[in-house]
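Heads up, the thing below is written out as structure tokens.
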Amino acid sequence: QAGYAQYWQEQVRPCLNNAIEQYRIAPEQLGAIHQEITRLAGGQPLDATGSRIYILGNIDNAFALLDETFCCTPLLLDPETARQYRIDFMQVYIHENLHRLSLSGELLDMLQTLYDNDDFYRTHEDRARAYGEGGNEAFVVAAERYVSRRLGRIDDKQVLDEFLVYCDGTHVLAPIVYRYLPDLRNGESFDGFLRRLFDRRIRPGKVESQYRRAMKKLAGTRKSEPTAAETRSRTQNP
């Protein structure tokens, strides 16, 4: 009745289809992304539904979406516009698919305990929630940077920049999780890794020091460990 169906058919869909048809990504790159996400799942099934990514033809005419979604325009698919505004559709794709990783009630209880007992974390988490990006969002932000860095899609400066600017740098757990993700054990799930990290590193009263240590290490990086893509390249081209 509001005319959204007609608007979709006549305005949005043609624009969206054209943008999708022009977007290019190598199948092996997409496969590598899926492989990394599967590795983080650690044998646990991914949420079959997945996160929905809404791409709107005209953001000025966007209407309220009553669930956790990501809204963008087809311009996000355009490489030139992506470079201009420093946005990346594949980053969005990785991020949203990482939301499919299973997180246990035990882990969420640990997160709540941290909120109740760590002033530094609680102050930043309250600000993150004001953006609608609290809770487990910091875990996903860390995992996306980790996957993108391993695949050689970004460098250490881009990792640091994301932690500084995403929701005004409120996700103080993200750099801590990122710092220790290389310690993920073979076959270990992301949830299992996080619970182990909470047991050993992320404890009430310790978040600020862990955060500053992780950010200092990122800021001071000069020569990074090779990414998975760089390692493969060196092996294939000695």
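For the sequence shown, the residue numbers in UniProt numbering are 1 to 238. Glycine is no exception: its CB is placed at the ideal position from the N, C-alpha and C atoms.
Apart from sequence neighbours up to five positions away, the residues of its chain that approach Ala219 with a beta-carbon distance below 7 Å are Leu160, ordered along the chain. With contacts defined as CB atoms closer than 8 Å, Asn117 and Pro45 fail to qualify as a contacting pair. Only residues of its own chain outside the window of five on either side were considered, and among them Arg100 have a CB closer than 6 Å to the CB of Asp47, listed in chain order.
Going by beta carbons, Gly42 and Ser189 fall inside the 8 Å limit.
For Ala128, the enclosing alpha helix (DSSP H) stretches over residues Asp119 to Ala130. In the three-state scheme derived from DSSP, where H, G and I count as helix and E and B as strand, Glu80 is classed as helix. For Ile20, the enclosing alpha helix (DSSP H) starts and ends at Arg13 to Gln22. The alpha helix (DSSP H) runs of length 4 or more contained entirely in the stretch 141-183 are, from start to end of the chain, 156-165 and 173-180.
With respect to Leu107, Asp191 sits close: the two C-beta atoms are nearer than 8 Å. Judged by beta-carbon spacing, Leu151 lies beyond the 8 Å limit of Glu21, meaning their Cβ atoms are not closer than that value. For Ile87, there is no enclosing alpha helix (DSSP H), since its DSSP letter is neither H nor E.
DSSP places Asp199 in the uninterrupted alpha helix (DSSP H) bounded by Phe190 to Arg200. In the DSSP annotation of this structure, the continuous segment of the alpha helix (DSSP H) that includes Ala41 starts and ends at Pro27 to Ala41.
The shortest C-alpha to C-alpha distance from Gly105 to any of Ile33, His95 and Gly135 is the one to Gly135.
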